[in-house]
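Remarks on the structure that follows.
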Amino acid sequence: MIRSQDFVDWLAALGVDFFAGVPDSLLKPVCFYLADHAGDKHAVAVTCGYHLATGKVPLVYLQNSGQGNTINPLLSLADRDVYSIPLLLLIGWRGEPGTKDEPQHVKQGKVTVRLLEAMDIPHRVLPPEPEAARRGVDELVAIATAESRPVALLVRKDTFEPYKPIGQAAADFEMTREQAIEAVVSALDETDAIISTTGKISRELYKFRDRMGQGHQREFLTVGSMGHASQIAMGIALAKPERQVFCLDGDGAMLMHMGGAAIVGAAGVANFKHVILNNGVHDSVGGMTTAGLQVSFTEIVKACSYTEAWRVERRDDLAEKVAQLRSARGPAMLEIMVQQGARADLGRPKTSPIENKTVFTKFLSG
Ligand SMILES: Cc1ncc(C[n+]2csc(CCOP(=O)(O)OP(=O)(O)O)c2C)c(N)n1
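Every letter in the sequence shown is one number past the one before it in my numbering, and letter 48, counting from 1, is 29.
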């Protein structure tokens, strides 16, 4: 396995000293190491800017599910046919054929290499043996530099040694995310629909329903497609104006596609109710910091024409706020500040996405 510090040192020796991206669990050690030692920034275009200002080759880290998000800046900005910008992509390869992974990773895993080929991006798998890995890094950075183009390293599970972060101070909020989800869901009506975001929020919702023996028909678990839950909710809310539609969102997911708030606000969807569970981290992939505690989601959505937005920290205040959210004319939002972390035995949905869709659409049509 590779030590994150060695990996970053090899890159530094090649002049690669700027890093940006969205974390992935396969890249957890290196993401935390970078957060401790290099700060955190956001993805392809920011690295292109860094290159323009320095001439250096920056690194972008991402889960392969983020390939779609990067296609546009890679092909219409960094590509040799446009501005020809050298970048090193470090891609966590979830759903690699032959490995067992969650349903949302299967298709993406199959097409990861084909997408890189279609985009004409030289790539290789990062070997776990340090010497071979270093040679691979050297060769790829040499190609990126000589040909002034993006190149990619694919990272399999257990390529990096675990790394214990030093610089992350967890926010000290009273509620756990699980407690907040239970309080929100318990206050809803039988007819209300819930669209939950990617990661542990959906897993905790699923577990809660299991524990209560309530079935899973009232929620759509957005297991992949991070950042898109609110738009799914908006589509449903528009089509089913008689129903209250709740989106359970994370701060990381909200930040990833925050433009959605403007669409929701401008459309004035009265039955759209947005709940943001803000822990200031990407908890589901290990807890790397987001900008969630440095922005005001309530001010943002109000500026996007949501009718109401509240922020709640205390467990005792939550029930009243959920009731207000439910009865408000939307689009309205409740931001709930929650602790980082989840229970150790948190499971995953036992039903498939298609089964989820089938029972949910039946519920919606009822
Ligand atoms: C495009 C993309 N990049 C990365 C991931 C990996 N991923 C899954 S959940 C998650 C974190 C979500 O953070 P947040 O919305 O704040 O919710 P939390 O996990 O903190 O509850 C990430 C980064 C992904 N699913 N999609």
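Glycine is no exception: its CB is placed at the ideal position from the N, C-alpha and C atoms. Quick caveat, the model's predicted, so the values are computed rather than measured.
May I ask you to list the residues that DSSP assigns as paired with residue 254? 227, 313
How would you write the range of the alpha helix (DSSP H) that residue -16 sits in, first residue to last? Neither: residue -16 is in no alpha helix (DSSP H) and is coded neither H nor E.
What do you reckon, is the C-beta of residue 43 under 8 Å from a heavy atom of ligand 1? yes
Would residue 226 and residue 334 qualify as a contact pair, given that the criterion is a beta-carbon distance under 9 Å? no
Would you call the segment 280 to 287 in contact with the segment 128 to 144, where contact means no fewer than 3 C-beta pairs closer than 8 Å? No: fewer than three Cβ pairs fall under 8 Å.
On the premise that residue 46 lies in contact with residue 207, defined as a C-beta separation below 8 Å, what is that separation, rounded to the nearest angstrom? 7 Å
DSSP three-state call for residue 25: helix, strand or coil? helix
Per DSSP, what kind of secondary structure is residue -3 in: helix, strand or coil? coil
Rounded distance between the beta-carbons of residue 70 and residue 134, thought under 8 Å: 7 Å
So, residue 215 versus residue 253, is the Cβ gap smaller than 9 Å? yes
For residue 104, three-class secondary structure by DSSP: strand
State the CB to CB distance for the pair residue -3 and residue 40, rounded to an integer number of angstroms; the pair is presumed to be in contact (CB under 8 Å). 5 Å
Assuming the contact rule is C-beta atoms closer than 8 Å, residue 265 and residue 180 should be a hit. Round their C-beta distance to whole Å, please. 3 Å
State yes or no: is the C-beta of residue 53 nearer than 8 Å to some heavy atom of ligand 1? no
Exposure label - residue 78; buried when at least 16 CB within 10 Å: exposed
Taking residue 177 as part of the alpha helix (DSSP H), name the residues at either end of that continuous run. Looking at the DSSP string, residue 177 is not in any alpha helix (DSSP H); the run it does join, the beta strand (DSSP E), is 174 to 177.
For residue 295 and residue 174, what's the separation of their Cα atoms in angstroms? Taking the straight line from one Cα to the other gives about 25 Å.
Which residues bound the alpha helix (DSSP H) around residue 72? Looking at the DSSP string, residue 72 is not in any alpha helix (DSSP H); the run it does join, the beta strand (DSSP E), is 68 to 73.
For ligand 1, any of its heavy atoms closer than 8 Å to the Cβ of residue 211? No.
Tell me where the beta strand (DSSP E) around residue 42 begins and ends. 40 to 44
Paired residues, beta bridge with residue 135 - DSSP: DSSP output for residue 135 lists 72, 106 as bridge partner(s).
What residues in its chain sit with their C-beta under 8 Å from that of residue 129, if we drop five residues either side in the sequence? 61, 65, 66, 67
Comparing the CB of residue 177 with every heavy atom of ligand 1, is any distance shorter than 8 Å? no
Measure the alpha-carbon distance for residue 190 versus residue 304 and round it to whole angstroms. 20 Å
Can you tell me whether residue 269 is buried or exposed, with buried defined as 16 or more other CB within 10 angstroms of its CB? A residue is called buried once 16 or more other Cβ atoms fall within 10 Å of its Cβ, and residue 269 is buried on that count.
From residue 18 to residue 167, what distance separates their C-alpha atoms? 42 Å
Relative to ligand 1, is the shortest distance from any of its heavy atoms to the C-beta of residue 347 smaller than 8 Å? no
Going by the CB atoms, is the gap between residue 246 and residue 330 shorter than 9 Å? no
Is the closest heavy atom of ligand 1 to the C-beta of residue 271 under 8 Å? Yes, Cβ of residue 271 sits closer than 8 Å to a heavy atom of ligand 1.
Measure from the alpha carbon of residue -15 to the alpha carbon of each residue in 12, 310, 276, then state which is nearest. 12
Helix, strand or coil at residue 2 [DSSP, three-state]: strand
According to DSSP, is residue 77 part of a helix, a strand, or is it coil? coil
On the criterion of 16 or more Cβ atoms from any shown chain inside 10 Å, does residue 147 qualify as buried, or is it exposed? exposed
Pull up the DSSP beta-bridge partners for residue 263, would you. 269
Let me know the secondary structure DSSP gives residue 293 once reduced to three states. The answer is strand: DSSP assigns residue 293 an E or B state.
First and last residue of the alpha helix (DSSP H) that includes residue 201? Note, residue 201: premise wrong, no alpha helix (DSSP H); beta strand (DSSP E) at 200 to 202.
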